[in-house]
Structure formats: C-alpha cells, structure tokens
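Engineer: One structure coming up, written as structure tokens, with questions to follow.
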Amino acid sequence: GENVEQHPSTLSVQEGDSAVIKCTYSDSASNYFPWYKQELGKGPQLIIDIRSNVGEKKDQRIAVTLNKTAKHFSLHITETQPEDSAVYFCAQRGGNKLVFGAGTILRVKS
Amino acid sequence: KAGVTQTPRYLIKTRGQQVTLSCSPISGHRSVSWYQQTPGQGLQFLFEYFSETQRNKGNFPGRFSGRQFSNSRSEMNVSTLELGDSALYLCASTHRGGVLQETQYFGPGTRLLVL
Numbered sequence: 157g158e159n160v161e162q163h164p165s166t167l168s169v170q171e172g173d174s175a176v177i178k179c180t181y182s183d184s185a186s187n188y189f190p191w192y193k194q195e196l197g198k199g200p201q202l203i204i205d206i207r208s209n210v211g212e213k214k215d216q217r218i219a220v221t222l223n224k225t226a227k228h229f230s231l232h233i234t235e236t237q238p239e240d241s242a243v244y245f246c247a248q249r250g251g252n253k254l255v256f257g258a259g260t261i262l263r264v265k266s
Numbered sequence: 020k021a022g023v024t025q026t027p028r029y030l031i032k033t034r035g036q037q038v039t040l041s042c043s044p045i046s047g048h049r050s051v052s053w054y055q056q057t058p059g060q061g062l063q064f065l066f067e068y069f070s071e072t073q074r075n076k077g078n079f080p081g082r083f084s085g086r087q088f089s090n091s092r093s094e095m096n097v098s099t100l101e102l103g104d105s106a107l108y109l110c111a112s113t114h115r116g117g118v119l120q121e122t123q124y125f126g127p128g129t130r131l132l133v134l
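If you want it as structure tokens, here you go:
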C-alpha cells in the first residue's frame with residue numbers, strides 16, 4: 157500500500173547551518189511530492205513541491221531532490237533562520253489524495 | 020486571492036453528539052479534500068470532492084461524511100462523536116492546472132475537542 161517514511165523525527169540545527177529531511181515512499185506510481193511547513197496553531201503551508209519529470213527544484217534557501225529509482229526525496233534548507241523552526245511534512249500523491257510522512261520537528265537555535 | 024477558509028476554528032462537543040464543519044476553497048478551485056490530524060496518527064485523508072461528487076474516500080467509519088455544494092464549498096459531518104475524534108480537521112483546496120499540475124493548499128483547520 158501507500159506509505160511514506162520520514163526521517164529524522166526531530167532535528168536541531170544552529171542558525172546558519174543547513175537542514176536536510178528525507179522521505180522514502182512505496183508507491184512507484186506517485187508523480188507529485190510536496191513539502192509542507194506547519195507552525196503552531198496553523199494549517200500546513202506548501203513550501204515547495206516536485207513532480208516526477210524533474211529531479212531537483214530550488215526556491216531561494218529551499219531545495220528538493222527526487223530520486224525515483226530509489227523512491228526517495230529530500231528537503232534541503234540552507235542558511236537556516238529561527239523562523240524556519242516548525243514541523244515539516246513530506247507527502248506523495250497516491251490517486252487523488254496526499255499520503256503524508258509523520259513529520260519532522262525542526263528547531264533552529266540562535 | 021483569499022485562502023482556504025474553515026469555520027468554526029474551534030469546537031467543543033460531548034460524546035454522542037454530531038458536528039458539521041465548513042470549508043470554502045480558494046476561488047476557482049473545484050476540488051476539496053479533508054484530512055484529520057492527530058498527534059498519534061498524523062495527517063490522514065478523509066475524502067475528496069470534485070464538482071459535488073465524492074471521488075475518493077479514506078479508511079474512516081461511516082460516521083464521517085461530507086458533501087460539496089455547487090459553489091464548491093464543502094461540509095463534513097461527524098455523527099455519534101467519540102473521544103478519539105478529537106483532532107484538527109483540515110480542508111485542502113486543489114488547483115488543477117493540467118497534467119502533473121495539481122497543488123493542494125490547506126486552510127487553518129478546525130480544532131475539535133470531544134469531551
């Protein structure tokens with residue numbers, strides 16, 4: 157069935173360092189892989205996404221890479237800032253629904 | 020454009036009651052999906068509606084139901100509430116821009132507490 161594994165579950169970095177979150181999926185038919193950031197008391201906010209016809213996508217300090225052969229994709233945040241502290245979720249589209257990873261709590265220490 | 024709006028934002032109910040949550044998608048978006056978020060189970064898909072038709076349903080009991088209106092607004096209903104239904108209920112509005120061009124945007128959620 158559809159399953160997304162996300163690691164690590166918590167990640168603490170020093171301000172200015174990079175953060176990497178990895179996800180592995182099982183549904184080889186998936187073609188869309190978004191990343192969401194969720195702050196306390198708010199709904200998930202789409203921060204970047206990648207589609208199966210692309211291997212890498214970058215948006216300022218955020219980048220996502222996709223390896224369809226290995227069925228994993230990763231979120232890279234460079235030059236982390238305290239406002240990057242939040243819970244990050246990866247997801248894959250299976251059919252008409254998103255299947256989410258368990259989330260990563262990112263703490264950026266200043 | 021205004022984002023996805025959900026009402027109410029907070030709700031307290033007691034076991035056995037029923038509840039109706041509302042979602043207004045982003046203007047022009049015709050698809051609405053609902054998710055349940057809990058600390059133990061994470062984000063789980065409930066159902067998706069497109070043009071007033073349910074297109075997909077997750078693994079939830081029949082107590083969970085929904086509908087979509089002609090203006091794309093959607094409601095979900097939970098009957099005979101149980102303590103385990105306490106959760107953040109999220110609505111997502113989908114933009115379809117063509118093949119491989121679907122993007123889901125979430126609302127702020129409705130926090131339901133069942134006592």
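Chains A and B, in that order, are what the protein sequence lines are. Start counting at 1 in the first sequence, then tack on 156, and there's your number in the working numbering. Start counting at 1 in the second sequence, then tack on 19, and there's your number in the working numbering. All C-beta atoms in this analysis are idealised placements derived from N, C-alpha and C, irrespective of residue type, glycine included.
#1: Would you check if there are 3 or more beta carbon pairs closer than 8 Å linking the segment 27 to 35 of chain B to the segment 88 to 105 of chain B?
#2: Using a Cβ-Cβ cut-off of less than 8 Å, list which residues of the segment 74 to 95 of chain B approach chain A; keep chain order.
#3: Count the other CB atoms, across all protein chains shown, that sit within 10 Å of the CB of Ala111 (chain B); report buried if there are 16 or more and exposed otherwise.
#4: Which residues, taken in chain order from the segment 187 to 207 of chain A, show a beta carbon closer than 9 Å to some beta carbon of chain B?
#5: Would you kindly work out how many angstroms separate the C-alpha atoms of Leu65 (chain B) and Pro58 (chain B), rounded to a whole number?
#6: In terms of alpha-carbon separation, which member of A:Gln170, A:Leu196, A:Leu202 and A:Asn252 lies closest to Cys246 (chain A)?
#7: Taking 8 Å as the cut-off, decide whether the C-beta atoms of Leu231 (chain A) and Val220 (chain A) are in contact.
#8: For the structure I just gave you, are there three or more beta carbon pairs, one from the segment 161 to 173 of chain A and one from the segment 204 to 214 of chain A, closer than 8 Å?
#9: Taking the C-alpha atoms as reference points, what is the distance between Thr122 (chain B) and Arg115 (chain B)?
#10: Residue range of the beta strand (DSSP E) that Ile204 (chain A) falls in?
#11: In angstroms, rounded to a whole number, what distance separates the CA positions of Ser41 (chain B) and Pro27 (chain B)?
#12: So what does Ser112 (chain B) bridge to, in DSSP terms?
#13: Can you name the residues that DSSP bridges to Arg325 (chain A)?
#14: List the residues of chain A whose Cβ lies closer than 8 Å to the Cβ of Thr122 (chain B), in chain order.
#15: For a contact defined as C-beta to C-beta under 7 Å, what are the partners of Pro44 (chain B) on chain A?
#16: Starting from Pro190 (chain A), trace the beta strand (DSSP E) in both directions and tell me its first and last residue.
#17: For the structure I just gave you, are there three or more beta carbon pairs, one from the segment 38 to 56 of chain B and one from the segment 81 to 96 of chain B, closer than 8 Å?
#18: If the cut is a Cβ gap below 9 Å, which residues of chain A does Glu71 (chain B) touch?
#19: Which class does Leu231 (chain A) belong to by DSSP, given the choice of helix, strand or coil?
#20: Using a beta-carbon distance below 8 Å, is Leu109 (chain B) in contact with chain A?
#21: Which one of A:Ala185, A:Ile204 and A:Ser186 has the shortest CA to CA distance from Lys193 (chain A)?
#22: Given Ala21 (chain B), which residues of its chain have a CB within under 8 Å of its CB, disregarding the five upstream and five downstream residues?
#23: Using DSSP with H/G/I as helix, E/B as strand and the rest coil, what is Glu101 (chain B)?
#24: Can you name the start and end residues of the beta strand (DSSP E) that Gln60 (chain B) belongs to?
Structural biologist: Taking the structure as given:
#1: yes
#2: Arg74, Asn75 and Gly77
#3: With 16 or more other CB atoms across the displayed protein chains lying within 10 angstroms of its CB, Ala111 (chain B) is buried.
#4: Asn187, Tyr188, Pro190, Tyr192, Gln194, Gly197, Lys198, Gly199, Pro200, Gln201, Leu202, Asp205 and Arg207
#5: 16 Å
#6: A:Leu202
#7: In this structure, Val220 (chain A) lies closer than 8 Å to Leu231 (chain A) by Cβ.
#8: no
#9: 7 Å
#10: Gln201 to Arg207
#11: 7 Å
#12: B:Val51 and B:Tyr124
#13: Because chain A here runs from 157 to 266, residue 325 (chain A) falls outside it and cannot be looked at.
#14: Pro190, Leu202 and Asp205
#15: Correct list: empty, because the minimum Cβ distance to chain A is about 13 Å.
#16: Tyr188 to Gln194
#17: yes
#18: Residues of chain A passing the Cβ test: none, with the nearest at roughly 15 Å.
#19: strand
#20: yes
#21: A:Ile204
#22: Ile45 and Ser46
#23: coil
#24: No residue range can be given for Gln60 (chain B), since it is assigned to no beta strand (DSSP E) and is classified by DSSP as neither H nor E.
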